[in-house]
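Q: First, the structure itself, so that you have it in front of you.
This is the structure:
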């Protein structure tokens, strides 16, 4: 069965600093990986996804993530954050050809300070 | 309007009452989902549907009922609301494999007194 661990529940950072939000997954087969963002009082929206191909995936708002199969990780990075990046970030995994139902991590709260 | 909508956005009810949360999507996605979001628990799947007239339980289905007579609608009913069902409820629709990504509604904040 697949599972997702987001190692940090909260990440505080200053504006214009780089940030990395960590995500590790557990699965016995190949996977699809996703990062979603949830701004206050809103639903989740897709930041980026990895289905196959290049392990470096670029998403919206300057975010990128790298799929590392040997370390079963899919960490999210941004070289310079803005106040507006303050939000909850969720990593999710699903299995191609499996049940389709994605498994979500518990989320990481990114707090950007001025 | 295109997209996925939920109604109502806010609801206050009393213990024991029946409540129905509505979800409507305009993309004709096959899959639809209901989640609840609670502090410390992240997102938990209540029910999902792979197509009209096909539904299945998720992680926390007890106390909830769903139906899907039309592809675009996926209502969630709390038959007899309890205080533990106070939560924010999100509906989502999903693109077919291999894309698998989900599109979320804005949420319904439900308070059970």
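Chains as they are written, first to last, in my numbering: chain A, 138 to 251; chain B, 12 to 124.
Cβ atoms here follow ideal geometry from the backbone N, Cα and C, with glycine treated the same way.
Ignoring anything shorter than 3 residues or poking outside the region 155-229 of chain A, list the beta strand (DSSP E) runs there in chain order.
A: Entirely contained in the region 155-229 of chain A, the beta strand (DSSP E) runs reaching 3 residues are, in chain order, 156-158, 161-163, 169-175, 181-187, 193-195, 201-205 and 210-215.
Q: For residue 68 of chain B, which beta-bridge partners are listed by DSSP?
A: Its beta-bridge partners are B:58.
Q: Note down, in chain order, each residue of its chain lying with its Cβ closer than 7 Å to the Cβ of residue 69 of chain B, except the 5 sequence neighbours on either side.
A: The answer, listed in chain order, is 56, 57, 58 and 59.
Q: In chain order, what are the residue ranges of uninterrupted beta strand (DSSP E) at least 3 long that sit wholly in the region 16-40 of chain B?
A: With a minimum length of 3 residues, the continuous beta strand (DSSP E) runs that stay inside the region 16-40 of chain B are 21-24 and 30-36.
Q: From residue 181 of chain A to residue 225 of chain A, what distance separates their C-alpha atoms?
A: So the alpha carbons of these two residues sit roughly 9 Å apart.
Q: Can you give me the Cβ contacts of residue 107 of chain B inside the same chain, cut-off strictly under 6 Å, excluding the 5 residues immediately before and after it?
A: Cβ neighbours of residue 107 of chain B beyond the five flanking positions: 41.
Q: With residue 247 of chain A and residue 183 of chain A assumed to form a contact (beta carbons below 8 Å), what rounded beta-carbon distance in angstroms separates them?
A: Actually they are not in contact, since the Cβ atoms of residue 247 of chain A and residue 183 of chain A sit about 16 Å apart, beyond 8 Å.
Q: Please state if the CB of residue 232 of chain A and the CB of residue 214 of chain A are separated by a distance shorter than 7 Å.
A: The answer is no: Cβ separation not under 7 Å.
Q: Quick check: residue 141 of chain A and residue 230 of chain A, are their CB atoms within less than 7 Å of each other?
A: In this structure, residue 230 of chain A lies closer than 7 Å to residue 141 of chain A by Cβ.
Q: Can you pull the chain A neighbours of residue 108 of chain B, defined as C-beta to C-beta under 8 Å?
A: Result: 233, 234 and 237.
Q: Say whether chain B places a C-beta atom closer than 7 Å to the C-beta of residue 159 of chain A.
A: By this cut-off, residue 159 of chain A is not an interface position.
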